[in-house]
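A.B. asks: Residue numbers (our numbering): 45 to 213. Positions of the beta carbon are idealized from the N, C-alpha and C atoms, including for glycine. Since the structure is predicted, the reported quantities are computational estimates derived from the model, not experimental observations. Sending over a structure as structure tokens; questions will come in a sec.
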């Protein structure tokens, strides 16, 4: 297993829709293991494959720090099939470090996907799990959480981010 480089905004791969996984082979299992290790090393609750530069429809989620009853989740080709309610909560992203803002998302979701063995599964999520599922699936669709905020907040973020990036040089 290896800790992979997490791609950062505005890298192009983060804005591209990912391709479905057609064959769950050894390379996919290795990618899953590396993504899990990377997510834990970065202290994240989720990671999508395109965040490590791989344009595949695959993500890993672990919200056990907030709810120990929920195990590590591996989702291959996930799709949200049901949404309920609405909640405006703060979010952050490993690809956009040091920026958090409130994002409106469904309070509950049902997601259908394959697990790492290729079995069809359905995951019902509420609260943090629902938010993490939506956030990671957005990544797989080429969307970042800043794409879900108001245009004014997004422009403020972009200006602040450019200024911060210029200061890094």
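Could you compute how far the alpha carbon of residue 51 sits from the alpha carbon of residue 113?
C.D. replies: Indexing the chain shown from 1 puts residue 51 at position 7. Indexing the chain shown from 1 puts residue 113 at position 69. Approximately 30 Å, taken between the alpha carbons.
A.B. asks: Could you please give me the residues that DSSP links to residue 202 through a beta bridge?
C.D. replies: On the chain shown, residue 202 is found 158 positions in, with the first residue counted as 1. Partner(s): none; residue 202 has no beta bridge.
A.B. asks: Is the region 138-148 touching the region 186-200, taking contact as three or more C-beta pairs under 8 Å?
C.D. replies: yes
A.B. asks: Label residue 70 either buried or exposed according to how many other C-beta atoms from any shown protein chain fall within 10 Å of its C-beta, with 16 as the threshold for buried.
C.D. replies: Locating residue 70 in the chain shown gives position 26, counting from the first residue. Exposed, because fewer than 16 other Cβ atoms sit within 10 Å of the Cβ of residue 70.
A.B. asks: Pick out the complete alpha helix (DSSP H) segments inside the region 160-205, 4 residues or longer, and give them in chain order.
C.D. replies: 171-184
A.B. asks: In its own chain, which residues sit with a C-beta less than 7 Å from the C-beta of residue 88, not counting the 5 before and 5 after it?
C.D. replies: Residue numbering aside, residue 88 sits at position 44 when the chain shown is read from its first letter. Cβ neighbours of residue 88 beyond the five flanking positions: 138.
A.B. asks: Does the region 168-184 come within contact of the region 65-85, defined as at least 3 CB pairs closer than 8 Å?
C.D. replies: no
A.B. asks: Find out if the Cβ-Cβ distance for the pair residue 180, residue 90 is shorter than 7 Å.
C.D. replies: For the purposes of this step, residue 180 is taken as residue 136 along the chain shown, with counting starting at 1. For the purposes of this step, residue 90 is taken as residue 46 along the chain shown, with counting starting at 1. Yes, Cβ-Cβ distance for residue 180 and residue 90 is below 7 Å.
A.B. asks: Return the first residue and the last residue of the alpha helix (DSSP H) that residue 84 is part of.
C.D. replies: Counting from one through the chain shown, the residue named residue 84 turns up at place 40. Residues 70-85.
A.B. asks: Quick check: what's the CA-CA separation for residue 131 versus residue 150?
C.D. replies: Walking along the chain shown from the start, residue 131 turns up at place 87. Walking along the chain shown from the start, residue 150 turns up at place 106. Their backbone Cα atoms lie some 6 Å apart in a straight line.
A.B. asks: With a threshold of 6 Å on Cβ separation, who are the neighbours of residue 123 within its own chain once the five nearest residues in sequence on each side are excluded?
C.D. replies: Translated into the one-based positions of the chain shown, residue 123 becomes position 79. Counting only Cβ-Cβ distances below 6 Å, and skipping sequence neighbours, we find 156.
A.B. asks: Give the range of the beta strand (DSSP E) segment to which residue 124 is assigned.
C.D. replies: In the chain shown, the residue the question calls residue 124 occupies position 80. First-last of the beta strand (DSSP E) with residue 124: 117-128.
A.B. asks: Just confirm the distance between the C-beta atoms of residue 101 and residue 184, as a whole number of angstroms; I'd bet it's less than 8 Å.
C.D. replies: Taking the first residue of the chain shown as 1, we reach residue 101 at position 57. Taking the first residue of the chain shown as 1, we reach residue 184 at position 140. So it is a contact: roughly 5 Å between Cβ atoms.
A.B. asks: Could you tell me the boundaries of the beta strand (DSSP E) in which residue 141 lies?
C.D. replies: Along the chain shown, one-based indexing puts residue 141 at 97. Run containing residue 141: 140-149, per the beta strand (DSSP E) assignment.
A.B. asks: Name, in chain order, the residues that DSSP records as bridge partners for residue 63.
C.D. replies: Counting from 1 along the chain shown, the entry for residue 63 is found at position 19. 100, per the DSSP bridge assignment.
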